[in-house]
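Below: the structure, in structure tokens.
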Amino acid sequence: MTTDAAPEERFALSPDGTRLALTGAWHLADLSALAPALARLQPKSPLTVDGERLTIMDSAAALALLRALAAAGAQAESIQWRGFSAPHQRVLDDVLKRLAALSEAPPLPRRRWLAEIGERSTVIYRQGADHFEFLGETVAALLGVVAAPRRLRLRELTAQLEQACLNAIPVIILVTLLIGVVFAYLLGLQAEQYGANIFVVDGVGIGMAREFAPIIVAVIIAGRSGAAFTAQLGSMRLTEEIDAIRTLGLSPMQVLVVPRVLALVIALPLLAFIGLVAGLIGAALVADGMLGIPPVAFAERLHGGLDITHVWAGLIKTPVFALAIAIVGCRMGMHVGRDTRAVGLATTSTVVQSIVSVILLDAAFAVLFQELGI
Amino acid sequence: MNTHAPVIEVDGIVTRFGANAVHDGVSFSVARGTLAALIGGSGTGKSVLLREIIGLHRPTEGTVRVLGTDMWRASPAEVAAVRRRFGMTFQDGALFSSLTVAQNVAVPLAEHTKIAPEMRDHLVRLRLAQAGLPADAGAKMPSELSGGMRKRAALARALALEPEILFLDEPTSGLDPTTARAFDALVRSLVDNLGITVFLVTHDLDTLLTVVDRLIVLAGGKVLADGPPREIAKLDDAWIRSYFAIRTMVGGSPSRSDGS
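Listed in order, the protein sequences are those of chains S and E.
Residue 321 in numbering that gives the first Met the number 0 sits at position 322 of the first sequence, with consecutive numbering throughout.
Residue 99 in numbering that gives the first Met the number 0 sits at position 100 of the second sequence, with consecutive numbering throughout.
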């Protein structure tokens, strides 16, 4: 591309200010240099613009010229255009034609923080209400399966169980084992000072059984399966697969949602139990190495110190956590907006919402168990 | 600037995917200010050829020159410079879904020019108007647009840097006939009023017969025919005859909609 002359040499205003001569190339590429020079222009009416010596004139440059002239008080209607070659004149006319519409363009709406808070609160409220509605739909679909067990998609259920349960076992074992190690180590540091090493077993046992195993497993599954549900169902909605299921006379709730919800409700208690065992093994390793409690003594103490109600109190919570995760994950996927960005946003939102609901439910259970004296 | 030299030169293009030869010596050139269309049956490599011309897919043999630059032998900097001088719209718009329409159009302006933000806003509005979008469309997200508006938004983005050439991939596919004809008229006005060269790949016979200056027919890996649409329609070739016969079958009424 040819190098352009300095902006000041590209136009010349006659001494009386009524004649503006344009020269050379006027195009987008060097508009940034041309625009500030144009802004200093002081034309007088009636103005004649001479385009005889222009070599290039594109619509961006025409817009910049017209805006600079308008800002200096020369209205487009009163300007005489002369000497423009036919192509340049057409570009100029094209921009002139649209100029009126451009100035009327509404400014982008400015966000106000109060309105934003209100808007977001409504969204959160509606989302909560929608989750409950979806829960109702799911329960109705589940009852439909109970009434007619043949409607249960066994193949889909097994596939989901494999993905949500079987494939999750390694990561569950790894995480809970390490949590057991860390927990026993921290308790051991304190207990050693009082010579109460053996109580580490009680502490780890109750802690893992009641809280750590269920919560940690639920959080992992929320990130793993909840997000997967949203992403899968969201992409299926994007490719209109869900509409196709409906058109074929099938119920997406029966075909897609019920197997996923059931799979998670079955999987989570099993995984939480595996997590509990792995956590206790981790604790036993630390007890053996650091506190001088051999595995046999650990098992014996666990047998005497850990009441089975603690295990049940922990496990009983997990199907409820699973239901919350599956409902959030499926609904976010089924109701996602029809573009790629919406699927990403919905998946993120699923993880946040399901983890928060797991913690909230756990708090509710804590209050309930307190009242029941468990 | 030489206004008579061809802006697109395709010379001896050969494309092979494994043993399968898609192009076997495709050559043509397109002069400045022309509205040219590339047609051909499924699997004749129209889209591949388009991707080769704009430098997204390397041909097995042959040269492609866009605005005088050899797209496959020039340095990356030279190719980048040429890319700023042409615009491209993809079949489904390929708008950035996280940005508003106005922000989409502003992306090339912000990346490649030093224009002040205030002037940029006005230029974005001019582009939206040139693409035939109402002023309030700028604040919308791509997901809120209809198919026709999405194509127009993509056109506005392709126009942002004042391109000398516009490449359009199936510009009217998936549009209803009325919207498609309006889009045709818009593309024609870009050629007539702004002097832009347009090269499009299409299946839309109405586009071909109403607004296109020149038709390039791809068949059997070669250019089968090249010339004004009305003359091509008269040629005695089995594929061309059956292609244009669809038009006479519906009695010449523009009532067919084109699926993508």
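From the three backbone atoms N, C-alpha and C, an ideal C-beta is built for every residue, glycine too.
- Cα atoms of Ser77 (chain S) and Ala32 (chain S): separation of roughly 27 angstroms, rounded to the nearest angstrom.
- Rounded to whole angstroms, Val216 (chain S) and Leu255 (chain S) show a C-alpha spacing of 23 angstroms.
- Under the 8 angstroms Cβ criterion, the stretch 107-117 of chain E counts as touching the stretch 30-49 of chain S, having at least three qualifying pairs.
- Lys45 (chain E) is outside the set of residues whose beta carbon lies under 7 angstroms from a beta carbon in chain S.
- From the beta-carbon of Pro141 (chain E), the residues of chain S found nearer than 8 angstroms are Asp338.
- The CB of Leu34 (chain E) never comes closer than 8 angstroms to any CB in chain S; the least such distance is about 15 angstroms.
- Annotation: Lys316 (chain S) is outside any alpha helix (DSSP H) and is labelled neither H nor E by DSSP.
- If the five residues before and after Gln352 (chain S) are omitted, its C-beta is found closer than 7 angstroms to the C-beta atoms of Val327, all from its own chain and listed in chain order.
- By the criterion of a C-beta distance shorter than 7 angstroms, Ile55 (chain S) is surrounded in its chain by Ala24, Trp25, His26, once the five residues flanking it on both sides are discounted.
- Looking only at S:Leu267, S:Val203, S:Val342, the smallest Cα-Cα distance to Gly304 (chain S) is reached by S:Val203.
- Contact between Ser234 (chain S) and Val342 (chain S) holds: CB atoms are separated by about 6 angstroms, below the 8 angstroms threshold.
- Distance from the CA of Pro14 (chain S) to the CA of Leu46 (chain S), rounded to the nearest whole angstrom, comes to 12 angstroms.
- The beta carbon of Ala163 (chain S) sits closer than 6 angstroms to the beta carbons of Ser224, Ala262, Leu263, Ala266 from its chain, once the five residues preceding and following it are set aside; these are given in chain order.
- Under the Cβ criterion (8 angstroms, minimum of three pairs), the stretch 233-248 of chain S counts as touching the stretch 331-345 of chain S.
- For the pair Leu360 (chain S) and Val310 (chain S), the CB atoms are not nearer than the 7 angstroms cut-off.
- Three or more beta-carbon pairs separated by less than 8 angstroms link the stretch 221-239 of chain E to the stretch 198-210 of chain E, which places the two stretches in contact.
- Residue environment: Val48 (chain S) is assigned as buried (16 or more neighbouring CB atoms within 10 Å of its CB, all protein chains considered).
- Of the other Cβ atoms in all chains shown, 16 or more fall within 10 Å of the Cβ of Arg119 (chain E); this residue is therefore buried.
- Restricted to the stretch 121-176 of chain E, the alpha helix (DSSP H) segments that are unbroken, complete and at least 4 residues in length are 146-158, listed in chain order.
- Legend: CB atoms of the stretch 54-84 of chain S lying less than 8 angstroms from CB atoms of chain E belong to residues Thr54, Ile55, Asp57, Ser58, Ala59, Leu62, Ala63, Arg66.
- Contact between Leu193 (chain E) and Val355 (chain S) is ruled out by a C-beta separation of about 54 angstroms, above the 8 angstroms threshold.
- In this chain, the beta strand (DSSP E) harbouring Gln79 (chain S) covers 79-81.
- Assignment of Leu344 (chain S) by DSSP, reduced to helix, strand and coil, places it in the helix class.
- Put simply, the backbone Cα of Phe211 (chain S) is about 40 angstroms away from that of Thr238 (chain S).
- Under the three-state reduction of DSSP output, Phe85 (chain E) falls in the strand class.
- Pairing Lys150 (chain E) with Thr88 (chain E), the inter-Cα distance amounts to about 8 angstroms.
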